[in-house]
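*Asks:* For the sequence shown, position 231 (counting from the first letter as 1) is numbered 332 according to this note's numbering, and the numbering increases by one without interruption. We put the beta carbon where it would ideally sit given N, CA and C, even for glycine. I have a structure I would like to understand better, so I am pasting it below and will then ask my questions one at a time.
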Amino acid sequence: MPVDTLTGMSARRVVIVLAAIAVVVALGGAAAVAVLVRPVGAGASPTPFPAGSSAPATPPGSTGSQEFTLTSGGVQRTYRVHTPTGLPAQAPLVVMLHGGGGSGAVAEQYYGWDQEADREGFVVAYPDGLGDAVPAWNTEGGCCGYPAREDIDDVGFIQDMVAAIGSRTPLDPRRIYAAGISNGGMMAYTLACRTDLFAAIGPDSATQLGSCDDPEPASVIHIHGLQDTTIPFAGGTGTGPAAIDGPPVPTVIDQWRATDRCAPATETTAGVVTTSVSACADGRAVELITIADGGHGWPGSPVKAGRSTVGGNQPSQALDATDTMWRFFAAHPKP
């Protein structure tokens, strides 16, 4: 397994990440089982790119799916990267964040991002959350699991991962995006609240937890099933094991429309899918998509054999969330 030896950056980590990517560009340059990750001791001394690795870093231009490790904040972390052939000189990057109890490998297998990336020409990263029994993300606001209890710096890990990927594959700093489902969707919101790294985020079946008092503007596309009881669209405590108690999704969307200085929304309905779109300052947008009979799942992902379709228990097939999100991302780089 290739190893990156990033160990965590300073408080100005976002600036360093973007600078690292810019330097590389200037130089031309479902039987899956959740990955179980345990904290380990600190690794090598901080360095902006891989050095002293126990295995060679992937050379620029390598393609396919590979797994990597890096040390971030004194903790060994793992992630997968899918790199298509024929990328542009500066490639977009989508970070896909799994839900609670999932893994990067599960997200890669089920949500169709590799296939979308192969068609459209972008890199996909699948980071792993921490936790032996239920890998999760620290989205703040008390969620979720081991990372929240131990105050794991998942924001720092994602930033370090992006920098490591940028050291191997030239990335376009204006076209870095984060998508996620459930706890992963909440993590996408946390990344938008805590960094200015991402041009747009795509939460699904999620909400925003913790403080987000003065975020940098970012485009947002949020997808939610109205039958979701794990993270209810109307807010309040969900029925899932984490008992997520979040604000109403429309309240979150209104906050981002205010942050992005958006015009009033235009709403359209096609069957069970309702789309509310706001055009915002500097070419950004905030889009809310609801699915009337949709539950807690990734729309368009495979239907699970033997499970009832009543009450949103199956992933909705009314929408291809992956393709919908990518088209939104592609249309909304950073200004």
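Let me make sure I understand the geometry here. Which of 361, 310 and 213 has the alpha-carbon closest to that of residue 337?
*Replies:* Of the candidates 361, 310 and 213, the one whose C-alpha sits nearest the C-alpha of residue 337 is 310.
*Asks:* Is the CB-CB distance between residue 303 and residue 429 below 8 Å?
*Replies:* Their beta carbons are under 8 Å apart, which means residue 303 touches residue 429 by this criterion.
*Asks:* Tell me the rounded alpha-carbon separation between residue 167 and residue 223.
*Replies:* Residue 167 and residue 223: Cα-Cα distance of roughly 15 Å.
*Asks:* Tell me which residues share the same chain as residue 239 and place their Cβ nearer than 6 Å to its Cβ, disregarding the 5 neighbours each side in the sequence.
*Replies:* The residues are 248, 249, 253 and 255.
*Asks:* Nearest-angstrom Cα distance between residue 354 and residue 236?
*Replies:* Straight-line Cα distance between these residues: approximately 27 Å.
*Asks:* Rounded to whole angstroms, how far is the Cβ of residue 282 from the Cβ of residue 305, which I believe are closer than 8 Å?
*Replies:* The pair is a contact, with the Cβ atoms about 5 Å apart (cut-off 8 Å).
*Asks:* Would residue 419 pass as a contact of residue 374 if the rule is Cβ separation under 8 Å?
*Replies:* Yes, the pair counts as a contact, with Cβ atoms nearer than the cut-off.
*Asks:* Return yes when the Cβ of residue 299 is within less than 8 Å of the Cβ of residue 319, no when it is not.
*Replies:* Against a cut-off of 8 Å, the Cβ pair of residue 299 and residue 319 comes out as a contact.
*Asks:* Note down the Cα distance separating residue 183 from residue 266, rounded to an integer number of angstroms.
*Replies:* Straight-line Cα distance between these residues: approximately 11 Å.
*Asks:* If residue 324 and residue 422 are in contact, beta carbons under 8 Å, what's the gap, nearest whole angstrom?
*Replies:* Residue 324 to residue 422, Cβ: 5 Å. Contact.
*Asks:* Is it right to say residue 436 is buried, meaning 16 or more other beta carbons lie within 10 angstroms of its own, or is it exposed?
*Replies:* Label assigned to residue 436: exposed.
*Asks:* If we ignore side chains and look at the alpha-carbon of each, how far apart do residue 278 and residue 196 end up?
*Replies:* When rounded, the distance between both Cα atoms is 6 Å.
*Asks:* Do you know whose CA, among 175, 189, 198 and 174, lies nearest residue 181's CA?
*Replies:* For the residues 175, 189, 198 and 174, the minimum Cα distance to residue 181 belongs to 198.
*Asks:* If residue 173 sits next to residue 232, beta carbons under 8 Å apart, how far is it from one beta carbon to the other, in whole angstroms?
*Replies:* Actually they do not touch by this definition, with Cβ atoms about 16 Å apart.
*Asks:* Can you grab the Cα-Cα spacing for the pair residue 170 / residue 178, in whole Å?
*Replies:* Taking the straight line from one Cα to the other gives about 5 Å.
*Asks:* Verify whether the separation of the beta carbon atoms of residue 331 and residue 340 is less than 8 Å.
*Replies:* Yes, Cβ-Cβ distance for residue 331 and residue 340 is below 8 Å.
*Asks:* CA-CA distance, residue 427 and residue 389?
*Replies:* Rounded to whole angstroms, residue 427 to residue 389 spans 15 Å at the Cα level.
*Asks:* Just reading off the alpha helix (DSSP H) that residue 268 is part of, what are its end residues?
*Replies:* 255-269 is the extent of the alpha helix (DSSP H) around residue 268.
*Asks:* Over the uninterrupted beta strand (DSSP E) stretch that includes residue 368, give me the two end residues.
*Replies:* Here the beta strand (DSSP E) through residue 368 covers 367-371.
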